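Here the structure comes first, spelled out in structure tokens, and everything after it is commentary.
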Amino acid sequence: MTKMLACVSEAQGAQAALEAGADRIELRAADHFAALPLDIVRQTSGLIAGRAETACACGAPEMAPDTVANAARALGEAGATSIAVGFFASANRAALTKSLASLATDTPLTAVLFADRSPDMEGLDAIATAGFRAVALDLSSTDKGRVMDYYSPVQIGEFFARAKALGLQVGVSGGLEAPDVSRLLHFAPDFLGFHLDFATMRSLVPTNGQPVSAKHSTSGTDKIFVRDFVLPVQIGAYSFERGRTQQVRFDVVAEIERDGQKPEDMRHVVSYDLIMDGIRAIVESGHVQLSEALAEAIADRVLAHPRVVRVMVRVEKLELGAGGVGVEIERGAARQN
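Okay, so the sequence shown: first residue is -3 according to the numbering used here, each after it adds one.
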């Protein structure tokens, strides 16, 4: 189950997050990753009073590892049930993980890596060994844009997979917008973090393990499509096709169940970004021998969405002499009654 994390800087924000149904509330400075004063942490933790998990941001670029560890202990005493520790530079990663190892035995710690500061992904092993419970990808300040300006959904998915293989929970925050949610949910994160519009974001994140869009409608279907999507692909069964890429065009049409409401925001639609993200992920996984296999993989990926009932996938190689050669398939979803 993916939890919704709400990032707030004062009691009023925490109250809004509680009313929206946030699973976890992270107390942090309003415009950058930093700890709040202890009196605000005490006040806000008292307001939350166990109705949601209470996490606190801790750490700053200029803080020495021992100072970070002492600050984390103070935040725990002030009411935080978990601590999110910022890893701002790879140079002090080893010292920071060492200084926090004893605290990690009693307090759930999340290592926060910053997408805008070229994070050291090689340090995940040490973070797991030190006893951290989770790792998150975030931004060091709110003026840095979106995490997805720095990492593609495919790269974020790879980060998730690597962290989970080490036994870490994993999540992402940092300028996430409503259209990003369904793209990231595909990778089954443990939490997604937001700074604004908590009610809308809550409606997009699964609750009790049940996706918001999982209910089936009897009001008919619509179609979404991606046309003339051209990518360099490692594909082909001939020897001359190996060790190189060739241009391939993709056309995908997905038939989706209506949700019974007039579409007004991302709660009511299936995003075509899911199709393009899926194609990119499959293409980036390596050489594919057959166009048919590539088409089947894309169809399976699209049909994994609970509202997709049927999909058409066309794969065309564009460099073999004719205008285009390839395959077109149609597949339906296997629904359980």
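Backbone N, C-alpha and C define an ideal beta-carbon position, used for all residues, glycine too.
From a predicted model like this one, the values you see are computed outputs, not experimental measurements.
Counting C-beta neighbours from all protein chains within 10 Å, is the total for residue i 16 or more, i.e. buried, or is it exposed?
i       : result
Phe221  : exposed
Asp261  : exposed
Arg238  : exposed
Glu22   : buried
Asp35   : exposed
Met(-3) : exposed
Asp121  : exposed
Asn333  : Here the model assigns Asn333 a pLDDT of 47, short of 50, so the residue's position is not dependable and the matter cannot be decided.
His264  : exposed
Leu270  : buried
Tyr146  : buried
Ser215  : exposed
Pro57   : exposed
Gly274  : buried
Thinking residue i and residue j are a contact (beta carbons under 8 Å), I'd like their distance in whole angstroms, please.
i      : j      : result
Ala195 : Ala16  : 5 Å
Arg327 : Ala293 : Contact flag wrong, Cβ pair sits at about 11 Å.
Phe84  : Gly119 : Their Cβ separation, rounded to whole angstroms, is 12 Å, which puts Phe84 and Gly119 out of contact at 8 Å.
Val248 : Val307 : 7 Å
Where residue i and residue j are concerned, what is the direct C-alpha to C-alpha distance, given to the nearest angstrom?
i      : j      : result
Phe187 : His283 : 32 Å
Gly317 : Leu227 : 18 Å
Ser209 : Ser267 : Residue confidence for Ser209 is low, a pLDDT of 46 falling below 50, so the modelled location carries little weight; the figure read from the coordinates is stated next. If you take the alpha carbons of Ser209 and Ser267, they lie about 12 Å apart.
Arg297 : Glu154 : 16 Å
Ala13  : Glu312 : 48 Å
Glu390 : His301 : Residue coverage of the chain in this structure runs from -3 to 333, which leaves residue 390 outside it and unanswerable.
Pro202 : Ala91  : 37 Å
Asp139 : Leu180 : 21 Å
Ala80  : Ala53  : 5 Å
Glu73  : Thr103 : 11 Å
Arg245 : Asp224 : 6 Å
Phe183 : Phe156 : 7 Å
Gly37  : Asp255 : According to the sequence as given, residue 37 is Val; it is not Gly. The alpha-carbon atoms of Val37 and Asp255 are separated by roughly 41 Å.
Ala277 : Ser178 : 15 Å
Asp27  : Thr125 : 31 Å
Residue i bridges to which residues according to DSSP?
i      : result
Ala107 : Val81 and Val131
Asp218 : Ile252
Met308 : Val249 and Glu326
His28  : Ser137
Arg20  : Leu1 and Glu49
Val244 : Leu227 and Lys313
Leu188 : Met0 and Val168
Val284 : Ile231
Val321 : Lys313
Considering residue i, what are the terminal residues of the beta strand (DSSP E) in which it resides?
i      : result
Met144 : Here Met144 belongs to no beta strand (DSSP E), and DSSP marks it neither H nor E.
Met0   : Lys(-1) to Val4
Leu14  : It is not in any beta strand (DSSP E) - Leu14 instead sits in the alpha helix (DSSP H) that spans Ala7 to Ala16.
Leu71  : Per DSSP, Leu71 belongs to no beta strand (DSSP E); it is in the alpha helix (DSSP H), Pro61 to Glu73.
Less than 8 Å between CB atoms is the rule here; does residue i satisfy it with respect to chain C?
i     : result
Pro57 : Looking at the structure shown, chain C is missing, and only one protein chain is on hand.
Between which two residues does the alpha helix (DSSP H) harbouring residue i extend?
i      : result
Val177 : Ala174 to Leu181
Val298 : Ser287 to Leu299
Ser95  : Arg89 to Ala100
Gln39  : Leu34 to Ile44
Leu120 : Leu120 to Thr125
Should residue i be listed as close to the ligand GDP, given that the test is whether its C-beta is under 7 Å from any heavy atom?
i      : result
Glu118 : Among the ligands in the structure shown, none appear at all, so the ligand GDP cannot be discussed.
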